[in-house]
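The block underneath contains the structure these notes are about, expressed in structure tokens.
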Amino acid sequence: MGKYSGSETWQDVVPIPQDDGGPNPLAAIAYTEDYSEAMSYLRAVMADNEKSERALSLTEDIIVMNPAHYTVWLYRADVFFALEKDPLQELDWLNKISLKYLKNYQIWHHRQLIMTKIPSIPPTELPFLAQMFEKDSKNYHVWSYRQWLVRHFSLWDDELPYLESLLEEDVRNNSAWNHRWFVVFSRYVDPSAGTGADAAAIKADPEIVAREMEYAKAKIRLAPQNQSPWNYLRGVVKKREGGLAVLRAFAEEFADLAREDEVRSSHALDLLADVYAAEKEEEQAGKALELLARKYDPIRKNYWNYRRGLLGLKEVEVE
Numbered sequence: 001m002g003k004y005s006g007s008e009t010w011q012d013v014v015p016i017p018q019d020d021g022g023p024n025p026l027a028a029i030a031y032t033e034d035y036s037e038a039m040s041y042l043r044a045v046m047a048d049n050e051k052s053e054r055a056l057s058l059t060e061d062i063i064v065m066n067p068a069h070y071t072v073w074l075y076r077a078d079v080f081f082a083l084e085k086d087p088l089q090e091l092d093w094l095n096k097i098s099l100k101y102l103k104n105y106q107i108w109h110h111r112q113l114i115m116t117k118i119p120s121i122p123p124t125e126l127p128f129l130a131q132m133f134e135k136d137s138k139n140y141h142v143w144s145y146r147q148w149l150v151r152h153f154s155l156w157d158d159e160l161p162y163l164e165s166l167l168e169e170d171v172r173n174n175s176a177w178n179h180r181w182f183v184v185f186s187r188y189v190d191p192s193a194g195t196g197a198d199a200a201a202i203k204a205d206p207e208i209v210a211r212e213m214e215y216a217k218a219k220i221r222l223a224p225q226n227q228s229p230w231n232y233l234r235g236v237v238k239k240r241e242g243g244l245a246v247l248r249a250f251a252e253e254f255a256d257l258a259r260e261d262e263v264r265s266s267h268a269l270d271l272l273a274d275v276y277a278a279e280k281e282e283e284q285a286g287k288a289l290e291l292l293a294r295k296y297d298p299i300r301k302n303y304w305n306y307r308r309g310l311l312g313l314k315e316v317e318v319e
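Take the sequence shown: its letter number 80 is residue 80 in the UniProt record's numbering, and every next letter is one higher.
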């Protein structure tokens, strides 16, 4: 006898078994007995649109067995809101589930739904997210949730110090760089207006642009071959009037074409190729691309040769 069939609490419910295509299904899924029974009772309560404590408890059991079952999560949210349960208690439960199943995105969508019922951010929320990042500093689902949290509770002013601490700890944390971009440049962008090229093209306060340029440059000097701050720096420059030429002298600190053996950053070469091309210095641009294809990034030689072709230059032969 199973947990539910033997329980007085569930005696009035007729379970609905899984239908895999008749009595002799071609490829029935091998569920465990406990999971099959729990799902049979879930189908029954969902068919009756039951919103009860026992239904809520049932969803908890199933989520523990299969935390990726999005239908169960949605039903749990419906039941939770119908019963007007304490959202803080739900967060406590979610914390345990989140730490056990780090890569599950359904958990974070449910957490977001719960958080919409809380008027101000709980004092435990950001410390919990920090705990999640200690487990995995590049967890996409947690970062996406944090972006929503920042916008929903208007936490913009408090984020930069935290991000600076993360980048002090690991300057190569590309997720932290991405979130910094969001915090600095998305504050005044209306998310309902869409994202992408139009949002990226919006010019920013010159003082903020100057600050972010200097910040990225300082981090590049710590690790010149780290691609994240180079990408960030390129993006920041697009937020000002003018082109990449403003970065020419800086990039040449790490890649002097006259001293081929002393290049400190392939990303500086890449940037310089764009700068030289924009300034109609095709020979210099071609030289930077040649160094990339031949010596500093030969695994992408086809791409660098493609870039040379756009300048009307012949391919570099790489052994």
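Glycine residues also receive a C-beta, built at the ideal position from the N, C-alpha and C atoms.
Here's a check: name, in chain order, each residue in its chain whose Cβ is nearer than 7 Å to the Cβ of residue i, leaving out the five neighbours to either side.
i	result
residue 23	none
residue 279	245
residue 292	266, 269, 270 and 304
residue 212	184 and 236
If you run the structure through DSSP and keep just helix, strand and coil, what is residue i?
i	result
residue 17	coil
residue 39	helix
residue 68	coil
residue 248	helix
residue 44	helix
residue 50	coil
residue 264	coil
residue 225	coil
residue 301	helix
residue 135	helix
residue 197	Annotation note: pLDDT 48 at residue 197 (below 50); position unreliable, coordinate value reported separately. In this structure, residue 197 counts as helix in the three-state DSSP scheme.
residue 144	helix
residue 112	helix
residue 234	helix
residue 282	helix
residue 255	coil
residue 120	coil
Among the residues of its own chain, which have a CB less than 8 Å from the CB of residue i, if the five just before and after it don't count?
i	result
residue 252	268 and 272
residue 156	150, 183 and 187
residue 72	42, 59, 62, 63 and 66
What are the start and end residues of the alpha helix (DSSP H) that includes residue i?
i	result
residue 100	87-100
residue 1	Residue 1 -> no alpha helix (DSSP H), and no H or E assigned at all.
residue 175	174-185
residue 204	Premise fails: residue 204 is in no alpha helix (DSSP H) and is neither H nor E.
residue 156	156-169
Tell me whether residue i is buried or exposed, calling it buried when 16 or more other Cβ atoms sit within 10 Å of its Cβ.
i	result
residue 209	buried
residue 119	exposed
residue 289	buried
residue 55	buried
residue 229	buried
So residue i packs on residue j, CB below 8 Å; how close in whole Å?
i	j	result
residue 38	residue 61	5 Å
residue 106	residue 68	6 Å
Is there at least one non-hydrogen atom of the ligand FMN closer than 7 Å to the beta-carbon of residue i?
i	result
residue 70	The ligand FMN is absent from the structure shown, which contains no ligand whatsoever.
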